[in-house]
Every structure is written in C-alpha cells, then in structure tokens.
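Participant: Taking my numbering as reference, the numbering of the sequence shown is continuous, increasing by one, and the terminal residue is 280.
One structure is given below, represented as structure tokens, and several questions about it will come after.
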Amino acid sequence: MYKLTKDQPIGVFDSGIGGLTVVRSLKELLPSEDIIYLGDTARLPYGTKSAETIRRFAREDTEFLVERQVKMVVVACHSATSAALPFLKKDFDIPVIGVIDPGARTATKATRNSRIGVIGTTATISAGEYERAILRANPEVRVIAKSTPLLVPLVEEGWVDKEVTYRVIEEYLLTLKEDGIDTLLLGCTHYPLLKPLLERFFNGKVTLVDSGDETARAASEILSKMGLAREESHKGFQRFYLTDLSPNFRVIGERCLGKQLEDVTRVSLGNET
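Written out as structure tokens, the structure is:
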C-alpha cells in the first residue's frame, strides 16, 4: 500500500456519466483538489445487474483508481454503493465513501411533513439501503421508494430536457405526488441532470435532495480530519477515463461541469462483461 499525501488526486467512479454530478459538487466545494474520474460506460447500467456482478465491477473500478494512487475513492454510483461499499472499505486501505448515507441524512433534515420519496435504479431500490439509512436517521419518517430505471438511459442519451423524458417522469412519479411527499431524494447520480423536469412536475413544491452535494461535504470532512486536504493555492484539474467513448459524454459533461472536457481517455477493465 502506498503512503497517502495531500497532493494525490481524489478518485471517483460511476457506471456512466451520472457521477459527473458528484465531480461537479467536489469541484465546487474543493477547487484545489485534483480529480480522476472513471465512467464504466461499456458496462452500464449497473442498476439492472446482480449484486455479485455489481461488486465485481466496483472492485475493478476501485483497483483502477488505486493503481493511479488516489488518496480517496468516491463511489458515485448508488447501485455500487448499495451492493459493494462495505466490501470496498474492507478490501482497500484508503478512505472509500458512497453516496447513500450523506443524502439520507440531508433528506431527513429537509422534510417538514415526514414523507420522503426516494427514486433510483432497480438494484438500489430493491436493496432497501436508502430506507434503512433514512430510518436510522429518523425512525418517524415515512419513506416511499420508487424504482425508475428508464431515467438512466434517457440521461445517457442526452435527453435531459425532452418532453418524452417528462412523460416518463409523470408515469413514474404520479403516486409519489399523490402520497404527498415534500422531499424527494435523487437516489441515482444521473438524476440531478433532470432537476428542471422534476421541479416542473412537482411545481416547485418538493425539495430535491442531491446526494452529490452531501457526498462532497463528507469527502471534505474526511480529508480535513486526515490531514489530506490540498492547499487552496493549487488549481485542481480533472482527468476522465471511460471504458467506452460515449458520444454524449462530452456534451453532457460540458453541460454539467461548465467547461470543455479535453482530457478523456478510453481504458479497459476486466473482461468488460
């Protein structure tokens, strides 16, 4: 195991482009930190895979980042957080954090009527990790969880502002609106890219909780406590690796991060199956 230092980058991985929302949050909160991002676009979505397969993919993703001597790994994928986070923490001797607990804590603080909706991939919702995390924070809260698997491919396709995507949101979320939720936890890192459509559907009356922002705060706290936060004088860079060069990655990435993505490289992981 290598020695951790302030100058090493933060590693972030997701099954596709959704984890860029976490990179955005990290970049805004920790502008001096270098970030290496791995998008396993050749094998997305993770949310339809078995827990065993997701754990294998997540381990390969983490190994890739560790080979580049990152000082922390952020699992910017709810499906991988749910299925693999405890295993990754046990198997790797660096800080590894996920996106579920930070978002759950924020949702319980945000709700006023104790009705929280959670949307995510089939794997995330089936695992029930969000419900457990929310109820640990506040046992009095009612959690209404809904699997919304079609939203990930729509985002990957770049259809974040299309009417067809809004119609899918209507079909999925009508029951949550009827149940009177006042807080919606976006249980997939792709979903913050759909915030305008979600706000339109709920008429701005529901608080949308983005796990990426809360995860960035958690990362900042851990780095500070471990003495690994980089000096503010350094201007951080971002380097991107993809297992398949998706034609929409640059478009969505530039929209998400507000700049051109120049350093994008294709890599192979495992057998990519």
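The beta-carbon is built from N, C-alpha and C at its ideal position, and this holds for glycine as well.
Please give the ranges of any beta strand (DSSP E) in the segment 115-152, keeping only runs that are unbroken, at least 3 residues long and fully inside the region.
Facilitator: 122-127, all fully within the segment 115-152.
Participant: On the three-pair Cβ rule with 8 Å, is the segment 164-171 touching the segment 113-126?
Facilitator: Verdict: no, contact absent.
Participant: What residue range does the alpha helix (DSSP H) around Leu204 cover?
Facilitator: Here the alpha helix (DSSP H) through Leu204 covers 202-208.
Participant: According to DSSP, is Val159 helix, strand or coil?
Facilitator: Residue state, collapsed to three classes: helix.
Participant: Apart from the five residues just before and just after Thr12, which ones in its own chain have a Cβ nearer than 6 Å to its Cβ?
Facilitator: Nothing listed; no residue qualifies.
Participant: Which class does Arg75 belong to by DSSP, given the choice of helix, strand or coil?
Facilitator: Arg75 falls in the coil class under three-state DSSP.
Participant: Rounding to the nearest angstrom, what Cα-Cα distance links Lys96 and Gly105 in this structure?
Facilitator: Lys96 and Gly105: Cα-Cα distance of roughly 10 Å.
Participant: Three-state secondary structure (DSSP) at Arg246?
Facilitator: Of the three classes helix, strand and coil, the one that applies to Arg246 here is strand, per DSSP.
Participant: Does the beta-carbon of Gln267 have 16 or more other beta-carbons within 10 angstroms, so that it is buried, or is it exposed?
Facilitator: Exposed: under 16 other Cβ atoms inside 10 Å.
Participant: Name the DSSP bridge partner or partners of Val103?
Facilitator: According to DSSP, Val103 bridges with Val80.
Participant: Quickly, what does DSSP pair Val216 with across the bridge? List them, please.
Facilitator: DSSP lists Leu192 as partners of Val216.
Participant: Return the first residue and the last residue of the beta strand (DSSP E) that Asp98 is part of.
Facilitator: Where Asp98 is concerned, there is no enclosing beta strand (DSSP E), although the alpha helix (DSSP H) it sits in stretches over 85-98.
Participant: Ordered along the chain, which non-local residues of its own chain (more than five positions away) have a Cβ less than 8 Å from that of Phe99?
Facilitator: Within the same chain, Phe99 has close Cβ partners Thr69, Val73, Val80.
Participant: Given that a residue counts as buried once 16 or more other Cβ atoms are within 10 Å of its Cβ, and exposed if not, what is Lys56?
Facilitator: Flag for Lys56 reads buried.
Participant: Leaving aside the five residues before and after Ala223 along the sequence, list all residues of the same chain whose C-beta is less than 6 Å from its C-beta, in chain order.
Facilitator: Ser32, Leu33, Leu36.
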